[in-house]
Amino acid sequence: MSWAETQHILASPTSLGIPITSLAFDPFSDLLFSGTSTGNLLAHYGPSLNRYTSALAHGTKTKDSRIHPQESVRGIVLDERCVYSVGDGSVRAQNRRGLCRWNELIGANNQSLKLSSICFSPVLSSSDLIVCGSYAVPQPDPSSADSILVLNSSVGGIVRRGTSDAPLSHVRRTNRLLACGTSNGQVQLRDPRSLNVEHRLHAHPGGLIEVQAEGNYVWSAGWTVRLGHPVPEPYVKVHDVRSLRALSPLPFSAPGGPALLAIHPKLSSTVMAASPGGQLQVVDVNNAGSAQYFQVATNSYLSSMAVSASSDYMAFGEGDGSIRLWANVPPGTDPTSAGLRFAPHIASPPEMADVPEMLQPIQWSIETPLSSIGMPHYTETLLSVLDYSHYSSSASPLFNPPTKIDPQVLSTMRSVDGVAYAPLPRHLRGKRNQITGQGPGGTAKGDALKAAGLAGGSRSDPAERRRIGMPLFRSEREKEQARARTNAADSQTLDTPLSPGAEFAISKEEIRGMPSYYGVKTIQYSKFGIEDFDFDFYNKTPFSGLETHIQNSYSNAYLQSLHYLLPFRQLAEQHCLNSAHETHATCSVETCLLCEAGFLFRSLDTAKGQNCQATNFFRALGNNERAISLGLMDKEDSPHADTAYSNLIQTFNRFVLEAVSQEAARHAERPSPGQQSRRANPVSALFRSAVRTRNVCSTCGFSSDREANSSVVDLVYPRKAMSNELPPPSDFASILKVSLLRETMSKALCRHCHTSNSIIRSLRELPAHEDLPKALSINVNVHTAEQLAYWIDGIGPSGSMQSTSSTTSSGVNRQTFLPPYVAVDVRTKDDTNIAWRRDPNRIRHEILSVDELPKPGTLVAIDAEFVALSMEELEVRSDGTRSVIRPSRLTLARVSVLRGEGPKEGTPFIDEHIHTREPVVDYLTQFSGILHGDLTPESSKHTLVPLKMAYKKLRLLVELGCVFIGHGLKKDFRIINIHVPEHQVIDTVDLYHSAAHPRKLSLRFLSWFLLKQDIQGSSAKNSEQGLEAGSGAVEGHDSIEDALAALRLYRLYENFKRDGRLDDVMEDLYEEGRRVNWKPPVQPSNSSTSTHSLPTQVPTGSETLVPITAPSQAWPDLG
């Protein structure tokens, strides 16, 4: 070898005096990457080291900038997709142009952990990155502190963690193990999968300076101890990881000892060692006596070193911020003419910035007219061109001269510290933030907004929305139908709205355009909330859809595909509905995805075309740490928010199948009473197949088999055929066969003939036909335009959000669902309460006896209270109007179910507070009666159960055919995320609603007027709970009180209807409601009794009240 310096540059104009802490050659292009001590990651192109990119990779000023305001680049590794770098407290992935793919802030959660090294996993076909570090603050128990982390290179989440009994300074990969250098001079050999320490190599007693590994060798440089002081050891220690023994050390004659090591890429037994002073030694471990010596003419000291994958170049980083490039050529020879390059093969040049076209010179003089000088000609409309009608709105100052300030305002204006104040005149009240004027070209007020598409929400003209195919709100539709009935007009247009996709049919010539029914359908929110949106406008089939306005709705189509996979649907529903019975064991995991999938599938089955939502499933998904680390939660503030949905849904598929398989296996490991062995895992039997991979050595022909289980098949597309080759088959069956067999060729050590870099051919063997899984899950793996071309011909309009009639879906073969086994546990010894300090005096329910078990048609009264997990997001326009961007997210906090018939009618048998894992932003105490601490096991004094347990009880009542009585149950059931068929719901909102009056009456007003009882205050509820004023009594709703009032109203309704007095009562209701403004009169504050202000005239027939046994005291603890 003959090495000579060919280039010496400053890394960047601003890097003078900033040490180069890391260097790495790109094995896939002619790029050299360098990292500085200030966190900058730079790239230089070609042997001349032209500047390519520069980015601040670590130490970015974010919310956590106070944690790591400045980080050094500790290591750089590259693959075909990204450049990965590690800083003191973060790991970053970017493309070669400097654009960030993901950035994992390790220091945000562990401020004292300082990362120091990075490498790839030695496991073939693995996408893991391994980083290690040490703690700046000594830990009380070092063996329990995470010192080595495994990250997913695709999304950046932490996959696994490992501990170390000593601080880690280096991590390198060998053929099959990880070599981790520690501060005490040892090299730990770890298993890359479990991160457990398999062996230890004692290298240097005083500590390590540098560690490198390649193949089966580990090289290290470090310190020794003499007279109690650390001294650089003048040797390069070499260890063979196959025999776990030390080879003969390589002497290093330069003063200061070796500090930098690099392995020759083509000669794995040759090492290049350099000292900080610039002395370079190239030596072969098998021939230590024939070393070569060179001197780097450094101006300061060497801080980093790297060798290109082609072994033609070496790079040295210096402490003054400069980079020296050496080439394997005689001195004075041009490396470019010698054909040297960075990459081991001829690589395509990296993407460069576009070079602007040079304009042709124009010969002109002072007499040349300016009109003869040409201007750029554009054949397409520029993106900066705005339509004239969109230039401004009526509130824009463009084309609208500023309005003069009213003289009365000017006359009363006062100035304080440069700010003018004036009271609003009487004649301007009610007109704040409203501007009148003309738009561009004389456009009237509001027309410009409509032309720009800014006039939306519930204030748009219903006729205009119907014309363009947008659905009316339910409240708007009811008003128009009532108006049509009043005017005796034909209401056919209201019953047959225009399909949103009817007028947007496309032809084959327009296939490149986006059909309207594939576009985003925004769910509009009226003042009545999401319940007012007409989902039936888009779906007229008996098949239910999932709502898309909630987070993680990108997986709705995947959940629907699992739902229509009949075997999986049946086992999920059976898993969630099983109870503690002689032959069935219940699932006690609160965040079980298989249970939540079963609940969701059951709702889709019973909804019969009505919309459903997967809120509970996604809530359980959000509590799964692995799902969060994989970036499956679709949140705007997530570090994985820029991940393509095509990649995200494939990761979601693999995760869900693995998670539900583990949950089913855990459930099957517990044998039921009477069984001697555990049951088989049904999910594994459905999806998983045992795959045997045969590895054959091309040198000796030795073959070995390895078995593994797989639940997902990733498609492998054929490569592009060469000019002298026949094109490979491109049909789906052929691609699937190649993906199942997955034949690969790799270089590795043969354990039979001990040939290094032997070509190993790997091929899977397909199992027998009867051993194949019943369902095959396939990830299509479309990442390029060539791969997408295989699917273009098969793409159709299925799955679009367009109006679909029942006749268009009649060809779907929907198999009959067989209901799973359902068992009811009536044993009183099983108490699901998880509150640590439950007060027996607050137990107000009495569980059902065996004789009271529900049957189809059994009446029960129900009411629920909720708390807010997120607040409502509003957009306030300049004219003062508001529109809801995202409604508040509520969750169940308390549910009460009362007996609706029998001798104990009105007695609750379910009264439970719900434990929630998510943070509550508002307890809504004024409406829910829930206080801080009522929903946590440590402080709650009520009966507290997990959400899953309460949901299973309600689901069981629905399955048994119970009829629910309540007030406003549609919204309650929607938030609970449970579907109840319409024939099982009796809602007093609808019972006491007149078609001639659009207003719906509140439960409090109905109870005050009809039952002579003022509910939803502190007096009634606190008296029932035995609370006195000043002893924790609170205002708010009480679910038992509300459910009991709804039950009494239903009984009263039956009397009115039987006696034929319902119409008279309804007229009296609305007349009295208008008189008192629909609210019961306010109780005087000095009243000491529970008497309430009642209407002066009792409505006809309201004297007769049905006696109902109501709980007047706390119930004893019976369960």
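Just so you know, we're using UniProt numbering here: the sequence shown kicks off at 1 and counts up by one.
Just so it is clear, CB atoms sit at the ideal spot from N, CA and C, and this is done for glycine as well.
Closest to Cys119 by CA distance: which of Gly98, Val77, Leu105 is it?
Residue numbering aside, residue 119 sits at position 119 when the sequence shown is read from its first letter. Nearest C-alpha to Cys119: Val77.
Look at the Cβ atom of Val860, then the Cβ atom of Phe732, and state whether they are nearer than 8 Å.
The residue you call residue 860 lines up with position 860 of the sequence shown. The residue you call residue 732 lines up with position 732 of the sequence shown. The answer is no: Cβ separation not under 8 Å.
So, are the CB atoms of Ser117 and Val150 less than 8 Å apart?
Your numbering for residue 117 matches position 117 in the sequence shown. Your numbering for residue 150 matches position 150 in the sequence shown. Not a contact, by the Cβ cut-off of 8 Å.
Taking 8 Å as the cut-off, decide whether the C-beta atoms of Ser127 and Ser169 are in contact.
Counting from 1 along the sequence shown, the entry for residue 127 is found at position 127. Counting from 1 along the sequence shown, the entry for residue 169 is found at position 169. No, Cβ-Cβ distance for Ser127 and Ser169 is not below 8 Å.
Quick test of the definition: if touching needs 3 or more C-beta pairs under 8 Å, does the region 71-85 touch the region 93-106?
In short, these stretches touch, since the Cβ pair count reaches three.
Let me confirm a value: His229 is counted as buried when at least 16 other C-beta atoms fall within 10 Å, else exposed. Which label applies?
The count along the sequence shown starts at 1 and reaches residue 229 at position 229. Exposed.
Which runs of the beta strand (DSSP E), 3 residues or longer, sit entirely within the region 276-307?
As far as the region 276-307 is concerned, its whole beta strand (DSSP E) runs of at least 3 residues are 279-284, 287-295, 302-307.
Would you check if the distance between the CB atom of Arg764 and the CB atom of Leu736 is smaller than 8 Å?
Within the sequence shown, numbered from 1, the residue matching residue 764 stands at position 764. Within the sequence shown, numbered from 1, the residue matching residue 736 stands at position 736. No, these two residues do not count as a Cβ contact at 8 Å.
Within the same chain, show all residues whose beta-carbon is closer than 7 Å to that of Ser365, passing over the 5 residues directly before and after it, in chain order.
As a working note, residue 365 is residue 365 in the sequence shown. So the list is empty, once near-sequence residues are dropped.
Which of the three DSSP states, helix, strand or coil, is assigned to Ser555?
As a first step, residue 555 is located in the sequence shown; it is residue number 555 there, counting from the start. Residue state, collapsed to three classes: helix.
Return the CA-CA distance between Thr163 and Ala145, expressed in angstroms with no decimal places.
Start at 1 with the first residue of the sequence shown, and residue 163 comes out as number 163. Start at 1 with the first residue of the sequence shown, and residue 145 comes out as number 145. Cα to Cα, Thr163 sits roughly 6 Å from Ala145.
Name, in chain order, the residues that DSSP records as bridge partners for Pro682.
Working through the sequence shown from its first residue, we reach residue 682 at position 682. None; Pro682 has no bridge partner.
With three or more C-beta pairs closer than 8 Å as the rule, is the region 947-954 touching the region 589-598?
Taking 8 Å as the limit for Cβ pairs, the verdict is that the region 947-954 does touch the region 589-598.
Determine the direct distance from the alpha carbon of Arg844 to that of Ser1023, and round the result to whole angstroms.
Residue numbering aside, residue 1023 sits at position 1023 when the sequence shown is read from its first letter. Residue numbering aside, residue 844 sits at position 844 when the sequence shown is read from its first letter. Unreliable placement is indicated for Ser1023, whose pLDDT of 45 sits below 50; no coordinate value is reported for it.
Hey, how far is the Cα of residue 1121 from the Cα of Arg882?
Here the chain comprises residues numbered 1 to 1119, so residue 1121 is not present and cannot be evaluated.
Leaving aside the five residues before and after Ile976 along the sequence, list all residues of the same chain whose C-beta is less than 8 Å from its C-beta, in chain order.
Here residue 976 is taken as the residue at index 976 of the sequence shown, counted from 1. So the list reads Ala864, Leu892, Val895, Tyr951, Leu954, once near-sequence residues are dropped.
Would DSSP call Lys237 helix, strand or coil?
Numbered from its first residue, the sequence shown carries residue 237 at position 237. The answer is strand: DSSP assigns Lys237 an E or B state.
For Asn611 and Ser544, which I take to be in contact (beta-carbon distance under 8 Å), what is that distance rounded to the nearest angstrom?
Taking the first residue of the sequence shown as position 1, residue 611 is located at position 611. Taking the first residue of the sequence shown as position 1, residue 544 is located at position 544. Yes, they are in contact, since the Cβ atoms of Asn611 and Ser544 sit about 7 Å apart, within 8 Å.
Using the Cα positions of Pro255 and Ser183, report the straight-line distance between them to the nearest angstrom.
Along the sequence shown, one-based indexing puts residue 255 at 255. Along the sequence shown, one-based indexing puts residue 183 at 183. If I take the Cα positions, the gap works out to 23 Å.
According to DSSP, is Ser1085 helix, strand or coil?
Position 1085 of the sequence shown, counted from the first residue, corresponds to residue 1085. With a pLDDT of 49 at Ser1085, under the threshold of 50, the modelled position of this residue cannot be trusted; read the value that follows with caution. In this structure, Ser1085 counts as coil in the three-state DSSP scheme.
Using only alpha-carbon positions, find the residue among Phe294, Leu302, Gly17 that is nearest to Leu260.
Looking up residue 260 in the sequence shown gives position 260. Considering only alpha carbons, the answer is Leu302.
Taking the alpha helix (DSSP H) that Ile373 belongs to, which residues open and close that run?
The residue you call residue 373 lines up with position 373 of the sequence shown. Unbroken run through Ile373: none, as it is neither H nor E.
On a CA-only basis, which of Ser125, Gly181, Ser243 is nearest Ala221? Give me that one, please.
Counting from one through the sequence shown, the residue named residue 221 turns up at place 221. Per the Cα distances, Gly181.
In three-state terms, what does DSSP make of Tyr923?
To locate residue 923, count along the sequence shown from 1; it is residue 923. In the structure shown, Tyr923 sits in coil (DSSP, three-state: anything other than H, G, I, E or B).
Might you give, ordered along the chain, the residues of its own chain that have their beta carbon closer than 6 Å to the beta carbon of Leu1094, omitting 5 neighbours on each side?
Reading the sequence shown from its first residue, position 1094 is the one you call residue 1094. Caution applies to Leu1094, whose pLDDT of 41 falls short of 50 and renders its modelled position unreliable; the value that the coordinates give is listed next. Lys1012.
Decide if the region 683-692 is in contact with the region 761-779; the criterion is three or more beta carbon pairs, one per stretch, under 8 Å apart.
A contact exists between the region 683-692 and the region 761-779.
Can you give the beta carbon distance from Phe342 to Phe618, rounded, assuming they're within the 8 Å contact cut?
Numbered from its first residue, the sequence shown carries residue 342 at position 342. Numbered from its first residue, the sequence shown carries residue 618 at position 618. Between Phe618 and Phe342 the Cβ distance is about 47 Å, and since that is not below 8 Å, they are no contact.
Please state whether DSSP places Leu56 in a helix, a strand or coil.
The count along the sequence shown starts at 1 and reaches residue 56 at position 56. Strand at Leu56.
Can you check whether the CB of Ala835 is closer than 8 Å to the CB of Thr943?
For the purposes of this step, residue 943 is taken as the residue at position 943 of the sequence shown. For the purposes of this step, residue 835 is taken as the residue at position 835 of the sequence shown. Contact flag set, yes.
Report the CB separation of Arg92 from Ala57 in whole angstroms; it is logged as a contact under 8 Å.
Translated into positions along the sequence shown, residue 92 becomes position 92. Translated into positions along the sequence shown, residue 57 becomes position 57. About 5 Å; that satisfies the 8 Å criterion.
With distances taken Cα to Cα, identify the nearest neighbour of Ala213 among Val236, Phe473, Pro361.
The residue labelled residue 213 in the question sits at position 213 within the sequence shown. Per the Cα distances, Val236.
Using DSSP with H/G/I as helix, E/B as strand and the rest coil, what is Thr21?
By one-based count along the sequence shown, residue 21 stands at place 21. DSSP places Thr21 in strand when its eight states are reduced to three.
Should Ser365 be flagged as near chain D, meaning a C-beta pair shorter than 8 Å?
Any reference to chain D falls outside this structure, which holds one protein chain only.
Note down, one range per segment and in chain order, each alpha helix (DSSP H) of at least 4 residues found wholly within the region 699-785.
As far as the region 699-785 is concerned, its whole alpha helix (DSSP H) runs of at least 4 residues are 732-741.
For Asn546 versus Leu559, is the C-beta distance shorter than 8 Å?
Locating residue 546 in the sequence shown gives position 546, where the first residue counts as 1. Locating residue 559 in the sequence shown gives position 559, where the first residue counts as 1. The sequence as given places Leu at residue 546; Asn does not occur at that position. Yes, the Cβ-Cβ distance between Leu546 and Leu559 is below 8 Å.
Can you name, in chain order, every residue of its own chain whose Cβ lies under 6 Å from the Cβ of Pro234, other than the five neighbours on each side?
The residue given as residue 234 occupies position 234 in the sequence shown. Closer than 6 Å at Cβ, skipping near neighbours: Phe252, Gly257.
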